[in-house]
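> Under the numbering used here, residues 145 to 357 are what the sequence shown spells out, in order.
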Amino acid sequence: ADLFQQFIGFMGFTEGLCAIYEEQEEVEELLDYMLEHSLYITKNLLHYYKPEGYYLLDDTASKLNPFISPKLFEEIFVPRYKKCLDLVRDDNVPIFYHNCGRCEDLIPAMVDIGVNVWDPAQVENDLVAMKQKYGSKLAINGGFEFRMPSTWPVVDEEEVREEVRKTFDRLAPNGGFIFNGMITSLDYFDPKVQEVNGWIVDEAKRLSKTVYN
Numbered sequence: 145a146d147l148f149q150q151f152i153g154f155m156g157f158t159e160g161l162c163a164i165y166e167e168q169e170e171v172e173e174l175l176d177y178m179l180e181h182s183l184y185i186t187k188n189l190l191h192y193y194k195p196e197g198y199y200l201l202d203d204t205a206s207k208l209n210p211f212i213s214p215k216l217f218e219e220i221f222v223p224r225y226k227k228c229l230d231l232v233r234d235d236n237v238p239i240f241y242h243n244c245g246r247c248e249d250l251i252p253a254m255v256d257i258g259v260n261v262w263d264p265a266q267v268e269n270d271l272v273a274m275k276q277k278y279g280s281k282l283a284i285n286g287g288f289e290f291r292m293p294s295t296w297p298v299v300d301e302e303e304v305r306e307e308v309r310k311t312f313d314r315l316a317p318n319g320g321f322i323f324n325g326m327i328t329s330l331d332y333f334d335p336k337v338q339e340v341n342g343w344i345v346d347e348a349k350r351l352s353k354t355v356y357n
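Written as structure tokens, this is what we have:
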């Protein structure tokens, strides 16, 4: 049901976003056609695979803001997502919603239609406020990012571990938190990147045993 990404894939960002604002009726007709395909897949997936979770992936935000206004998001996309998610909820399957970037303005409508887990809840969002607002109704998966320091490749291990501890202190109390995040580098094969990520994973595992046992 990744309707936004598929739509942008058809038209590109510039033409696609212009169409959403200038030709809303035509866009909705296309989305309804696409939705029929998503409903068909969802029905058969639930029937034949009996999944333990349903993952809705549809990035609709940049690092700074959503690509479209919350109003248009709720008018155009949310009702169509709901048709798919209603099928999932009827089967009592947990719903995971993937949306990168600063998308907190769009999350309330998604919680209303049944989203249980927000993934990845990135640090651009006010995650503490979201946790306070929704409590156990919405699990936060993510919440961590260690920015590569200007001293790279010199990194203080204790500083890295302390940032992990701060994240747990903010988001883990009373549950509803799945730690996820690494150092801000895509060079996964760099030995130093692997070492720092190892510290992060090790500290998170240690804290998870303390917090959730």
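Ideal placement from N, C-alpha and C gives every residue a C-beta, glycine not left out.
Where are the beta strand (DSSP E) runs, 3 residues long or more, that stay fully inside the segment 234-279, in chain order?
Qualifying beta strand (DSSP E) stretches, in chain order: 239-242 and 261-265.
> Can you tell me which of the three DSSP states N324 falls into?
Of the three classes helix, strand and coil, the one that applies to N324 here is strand, per DSSP.
> Does the segment 188-201 come close enough to the segment 157-171 to have 3 or more Cβ pairs within less than 8 Å?
no
> Could you check the C-alpha separation between D203 and L351 for me, to the nearest Å?
30 Å
> Indicate whether the contact test is met: 3 or more Cβ pairs, each with one atom in the segment 309-329 and one in the segment 282-291, closer than 8 Å.
The segment 309-329 vs the segment 282-291: in contact.
> Since K227 and L183 should fall inside the 8 Å C-beta cutoff, what is the C-beta to C-beta distance between them, to a whole number of angstroms?
6 Å
> Are R291 and T328 closer than 7 Å when you measure CB to CB?
yes
> With hydrogens ignored, establish whether the beta-carbon of T295 is closer than 6 Å to any heavy atom of the ligand COA.
In the structure shown, the ligand COA is absent, as is every other ligand, since no ligand is present at all.
> Between the segment 272-282 and the segment 228-238, can you find at least three pairs of beta-carbon atoms closer than 8 Å?
no
> What is the DSSP secondary structure of A283, counted as helix, strand or coil?
strand
> To the nearest angstrom, how far is the alpha carbon of Y192 from that of T186?
Straight-line Cα distance between these residues: approximately 10 Å.
> So L201 is in the beta strand (DSSP E); what residue range does that whole segment cover?
Y198 to L201
> Excluding the 5 residues flanking V232 on each side, which residues of the same chain have their C-beta closer than 8 Å to its C-beta?
T186, L190, Y198, I239 and G258
> In angstroms, rounded to a whole number, what distance separates the CA positions of Y356 and F157?
42 Å
> In chain order, what residues of the same chain lie with their CB nearer than 6 Å to the CB of G320, ignoring the 5 residues before and after it?
S280 and A283
> Can you tell me whether P223 is helix, strand or coil according to DSSP?
helix
> To which residues does DSSP link A205 through a beta bridge?
P210
> State the Cα-Cα distance for the pair K349 and K207, rounded to the nearest angstrom.
28 Å
> By how many angstroms is the C-alpha of H181 removed from the C-alpha of V267?
34 Å
> Return the Cβ separation of A205 and N260 in integer angstroms, given the expectation that the two are a contact with Cβ distance under 8 Å.
In fact, because the Cβ distance is near 19 Å, the residues do not count as touching under 8 Å.
> I344 and V299 - do their beta-carbons sit closer together than 7 Å?
Here V299 is not near I344, since their CB atoms are 7 Å or more apart.
> Please identify the residue among I322, Q150, P223 and T354 whose C-alpha is closest to the C-alpha of L201.
Selected option, being the one with the closest Cα: Q150.
> Contact check, V171 vs I220 under 8 Å by CB: the rounded distance?
7 Å
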